[in-house]
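Presented below is the structure to which this report refers.
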Amino acid sequence: MKVLVTGAAGFIGSTLTLRLLERGDEVIGIDNLDPYYDVTLKQARLARLVHPRFTDLRINLQDRAAMSEVFAHHRPQRVVNLAAQAGVRYSLINPFAYIDTNLVGFGNLLEGCRHHGVEHLVYASSSSVYGSNPRMPFSVHDNVDHPLSLYAATKKANELMAHTYSHLYRLPVTGLRFFTVYGPWGRPDMALFKFTHSILAGEPIDVYNYGKHRRDFTYIDDIVEGVVRVLDRIPAPNSNWNGDDLSTSLAPYRLYNIGNHHPVDLMRYIEVLENCLGRKAEKRFLPLQDGDVPDTYADIEDLVNDIGFKPATSVETGVARFVAWYQEYYQR
540 MKVLVTGAAG
550 FIGSTLTLRL
560 LERGDEVIGI
570 DNLDPYYDVT
580 LKQARLARLV
590 HPRFTDLRIN
600 LQDRAAMSEV
610 FAHHRPQRVV
620 NLAAQAGVRY
630 SLINPFAYID
640 TNLVGFGNLL
650 EGCRHHGVEH
660 LVYASSSSVY
670 GSNPRMPFSV
680 HDNVDHPLSL
690 YAATKKANEL
700 MAHTYSHLYR
710 LPVTGLRFFT
720 VYGPWGRPDM
730 ALFKFTHSIL
740 AGEPIDVYNY
750 GKHRRDFTYI
760 DDIVEGVVRV
770 LDRIPAPNSN
780 WNGDDLSTSL
790 APYRLYNIGN
800 HHPVDLMRYI
810 EVLENCLGRK
820 AEKRFLPLQD
830 GDVPDTYADI
840 EDLVNDIGFK
850 PATSVETGVA
860 RFVAWYQEYY
870 QR
């Protein structure tokens, strides 16, 4: 089928695009190569995607006319929205980047899907929407009205916007709350990338919350497998919905967590990285950062029951694969 993937030069977007091409789909990829992090890495990801069934478009989501033209000209059957201004901490200093891309841009995408008969919109949400929710594991049935960063607030807003379009226009939509994605071709602003760079350079690593974090680290191939399976399953209205279930609706709307369902202590994560690199890290322990949460832990019961998929890659395997890629890519 023909799939529009936004954020096609991104970490998840490029890996997903490669997977869709390998299985025979046609992909229209949108990315603006935002310089939030190393553009050459994004270009290297795109270089993997050269294929007769891949169309590479340089467009901003917030460009309404350009987005309208994409839908009118290419007529995608399904859409995966992975384009966003990422990063919790960056949202504290540049809020308008999140408003422009994550809100205005997402609105343009919804309008395109509405007016051009898209069969299914799958979009990236985030575990950050759980904010100060103290219940563990985080469930899609929990209330998430207390975000701790503007980034999280925009992701929660995306879920609300998507539901509105699903209700008003019967647009099938599925939101995916990703939990700490890592692996080869990852983002340089993420902890694993920064830790690896600093350890190899003989520099100290910043360990926030004095190392007392726990994260549901989720390997990139597991994330992509989940996205593909969800994309292939168009949601239907929940005819038994009574208002209590926050993850479904009388509209064709679904929410799922995609996480490893196995939180790992940050210090163990660092230990695994040290073992893979054969070097010890000099650690600089710092307090919890604004906008951050101490722990994440995904309840994936709905994903398992509805989609039949459970992420299972261990951090030992995933970190080793990342290190092998990093050392080859950067020749270190």
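Heads up, my numbering is the position in the sequence shown plus 539, with the first residue counted as 1.
For each residue, glycine too, the CB sits at the ideal point set by N, CA and C.
Note that the structure is predicted; figures quoted are calculated from it, not measured.
*Range covered by the beta strand (DSSP E) that runs through E565*: 565-570
*What is the DSSP secondary structure of F593, counted as helix, strand or coil?*
strand
_Tell me the DSSP secondary structure of R823 in three-state form._
Correct three-state label for R823: strand.
*asked:* For F824, which residues in the same chain have their Cβ closer than 7 Å to its Cβ, ignoring the five residues on either side in sequence?
replied: V746, Y749, G750
*Does the distance from the CB of G714 to the CB of L794 come in under 8 Å?*
yes
_Considering only the alpha carbon of each residue, which of V578, L842, N799, L687 lies closest to Q828?_
L687
*For R716, count neighbouring C-beta atoms within 10 Å of its own C-beta (all shown protein chains included) and say buried if the count is 16 or more, exposed if not.*
buried
*Taking T835 as the reference, which of R860, L642, G857, L805 has the closest Cα?*
L805
*For Y637, count neighbouring C-beta atoms within 10 Å of its own C-beta (all shown protein chains included) and say buried if the count is 16 or more, exposed if not.*
buried
*To the nearest angstrom, how far is it from the Cα of R860 to the Cα of P723?*
Rounded to the nearest whole angstrom, the CA to CA distance from R860 to P723 is 7 Å.
_Range covered by the alpha helix (DSSP H) that runs through K581_ = 578-586
*What residues in its chain sit with their C-beta under 6 Å from that of Y669, if we drop five residues either side in the sequence?*
F677, V683
*Tell me where the alpha helix (DSSP H) around D872 begins and ends.*
Absent from the model: residue 872. The displayed extent of the chain is 540 to 871, so no value can be given.
*Name the two residues that bound the continuous beta strand (DSSP E) containing G714.*
Per DSSP, G714 is one residue of the beta strand (DSSP E) stretching across 712-717.
*Tell me whether I797 sits in a helix, a strand or coil according to DSSP, three-state version.*
strand
*Is the beta carbon of H702 less than 8 Å from the beta carbon of D784?*
no
*For the region 615-667, which segments carrying the beta strand (DSSP E) assignment without a break, of at least 3 residues, lie completely within its bounds, in sequence order?*
617-620, 659-665
*Could you round the C-beta distance between L816 and T735 to whole angstroms and report it? I think they count as a contact, below 8 Å.*
7 Å
*Measure from the alpha carbon of S667 to the alpha carbon of each residue in E810, R603, G798, Y704, then state which is nearest.*
G798
_Reference A548, options N777, D577, R562, D564, closest by Cα_ = Per the Cα distances, D577.
*Taking only the alpha-carbon atoms, compute the straight-line gap between Y721 and S705 and give it to the nearest angstrom.*
31 Å
*asked:* Under DSSP, the alpha helix (DSSP H) around T735 begins and ends at which residues?
replied: 730-739 is the span of the alpha helix (DSSP H), which, as asked, contains T735.
_In the DSSP assignment, the beta strand (DSSP E) including V542 goes from what residue to what residue?_
541-545
_Member of L731, N777, K819 whose CA lies at the smallest distance from the CA of V862_ = Considering only alpha carbons, the answer is L731.
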